[in-house]
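Encoded as structure tokens, the structure appears first; notes follow it.
Protein chains: 2
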Amino acid sequence: MSEDETVVTLAKALAHPARIRILRLLQATPGCIGGTIVDAVGLAQSTVSEHLRILKAAGVISGEIDGPRVCYALNPRALSVLADFVASLKAADRDACCIPEPKAAT
Amino acid sequence: MSEDETVVTLAKALAHPARIRILRLLQATPGCIGGTIVDAVGLAQSTVSEHLRILKAAGVISGEIDGPRVCYALNPRALSVLADFVASLKAADRDACCIPEPKAAT
DNA sequence: CCGTCAAATCGTAATTCAACGATGATCGAC
DNA sequence: GTCGATCATCGTTGAATTACGATTTGACGG
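Protein sequences appear in the order of chains A and B. When we follow our numbering, the leftmost residue of the first sequence carries the number 1111, and every step to the right adds one. When we follow our numbering, the leftmost residue of the second sequence carries the number 1111, and every step to the right adds one.
Following this line, the structure appears as structure tokens:
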């Protein structure tokens, strides 16, 4: 997968409110949570499972079978490519020709 | 707009190969480019214009009317919220209960 | 004023995504 | 082996995205 494709995949993984909520939940929860996620995001179990699948496919989280339930955890290293891309954009802090000062989008 | 919504909006803006290419193009090009973008991404003019609209709506780029054409430029500050979110995920480098070592996604 | 060039907008078809209920698979307890 | 619990998968529906050509808008030059 090319770097651009990786960026796109990671960005897509973050491009949904439910998935952001899941990530924040995993970040805030010290231990492992299984069906707690379903309760927290307020969507159907199958829908949450699909979101978890997408996050896992992007490599952002990993799932470990732990008895009858599954333990999900953040896999922050996967986000490096996206982080680098964003950082490189920020680094290019511009010698643009026609925008003298930073301003909000039109 | 809540912070999560901002993250989602920014992530959506990055969630398409053509838009990544446009951003890289703006990053690499010192001066201003107008219709050059259309030629570079290989899509129809109206499609590129739509991508530029999405990027502008997310605040990632800004467009300045420059005579007969429009000058686009990166607006890297807009990405701060996304960058911070990603950084916070990476910082939470885990006291998870059941993943002893980082590993690739299943 | 009129033609021209660049960009945005409109209308539309095709693809992808999100959500749900129902079903299937796997594990632990009994 | 059987039951109950937890999660994944399947099939379907509705909404959002993407792409295109065609048209409109706006800015210059003749």
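Yeah, the Cβ is synthetic: ideal placement off N, Cα and C, and Gly gets one too.
Those runs of the beta strand (DSSP E) which lie wholly inside the region 1118 to 1184 of chain B and span at least 3 residues: 1171 to 1176 and 1179 to 1184
Check whether the Cβ atoms of Leu-1196/A and Leu-1120/A sit closer than 8 Å, and answer yes or no. Taking the first sequence and counting its residues from 1, one reaches residue 1196/A at position 86. Taking the first sequence and counting its residues from 1, one reaches residue 1120/A at position 10. Before going on, a small fix: residue 1196/A reads as Val here, not Leu. No, the Cβ-Cβ distance between Val-1196/A and Leu-1120/A is not below 8 Å.
Tell me whether Arg-1163/B is buried or exposed, calling it buried when 16 or more other Cβ atoms sit within 10 Å of its Cβ. The count along the second sequence starts at 1 and reaches residue 1163/B at position 53. Exposed is the call here.
Could you work out which residues of chain B lie near Glu-1115/A, taking near to mean beta carbons separated by less than 8 Å? Looking up residue 1115/A in the first sequence gives position 5. Within chain B, the residues near Glu-1115/A are Pro-1127.
Residue burial classification, Ala-1128/A (beta-carbon count within 10 angstroms, cutoff 16): For the purposes of this step, residue 1128/A is taken as the residue at position 18 of the first sequence. Looking at its Cβ environment, which holds 16 or more other Cβ atoms inside 10 Å, Ala-1128/A is buried.
What does a CB cutoff of less than 6 Å around Ala-1168/B pick up in its chain, not counting 5 residues either side in sequence? Here residue 1168/B refers to the residue found at position 58 of the second sequence. Excluding residues within five positions, the ones whose Cβ falls inside 6 Å are Thr-1119, Leu-1120 and Ala-1123.
Leaving aside the five residues before and after Gln-1155/A along the sequence, list all residues of the same chain whose C-beta is less than 7 Å from its C-beta, in chain order. The sequence position of residue 1155/A within the first sequence is 45, counting from 1. Closer than 7 Å at the Cβ level, and outside the excluded window around Gln-1155/A, lie Val-1148.
Considering only C-alpha positions, which residue in the set Leu-1135/A, Thr-1139/A and Lys-1166/A is nearest to Gly-1152/A? Position 42 of the first sequence, counted from the first residue, corresponds to residue 1152/A. Ranking Leu-1135/A, Thr-1139/A and Lys-1166/A by Cα distance to Gly-1152/A puts Leu-1135/A first.
So, helix, strand or coil for Ser-1112/A, using DSSP? The residue labelled residue 1112/A in the question sits at position 2 within the first sequence. DSSP places Ser-1112/A in coil when its eight states are reduced to three.
Considering only residues of the same chain and omitting the five flanking positions on each side of Asn-1185/A, which have a CB-CB separation below 8 Å? Sequence index remark: in the first sequence, residue 1185/A carries index 75 (1-based). The residues are Gly-1169, Val-1170, Ile-1171 and Ser-1172.
Compute the Euclidean distance between the alpha carbons of Ile-1130/A and Val-1158/B, then round it to the nearest angstrom. Here residue 1130/A refers to the residue found at position 20 when the first sequence is read from its first residue. Here residue 1158/B refers to the residue found at position 48 when the second sequence is read from its first residue. Spanning the two alpha carbons is a distance of roughly 28 Å.
Which one of Glu-1115/A, Asp-1114/A, Glu-1113/A and Ala-1125/A has the shortest CA to CA distance from Glu-1115/B? Numbered from 1 along the second sequence, position 5 holds the residue referred to as residue 1115/B. Glu-1115/B has its Cα closest to that of Ala-1125/A, out of Glu-1115/A, Asp-1114/A, Glu-1113/A and Ala-1125/A.
Measure the CB-CB distance between Ala-1183/B and Lys-1200/A and report whether it falls below 8 Å. Here the question's residue 1183/B lines up with position 73 in the second sequence. Here the question's residue 1200/A lines up with position 90 in the first sequence. Contact: no.
7 Å Cβ cut-off: residues of chain B touching Ile-1130/A: In the first sequence, residue 1130/A corresponds to position 20, counting from 1. Per Cβ cutoff of 7 Å: Asp-1114, Val-1117 and Val-1118.
So that I know if they touch, is there some Cβ in chain B lying closer than 8 Å to that of Ala-1193/A? Sequence index remark: in the first sequence, residue 1193/A carries index 83 (1-based). Taking Cβ atoms only, chain B reaches closer than 8 Å to Ala-1193/A, which makes this a yes.
Please report the straight-line C-alpha distance between Glu-1174/A and Ser-1198/B, rounded to a whole angstrom. Residue mapping note: residue 1174/A aligns to position 64 of the first sequence, counting from 1. Residue mapping note: residue 1198/B aligns to position 88 of the second sequence, counting from 1. Cα to Cα, the separation comes out at about 23 Å.
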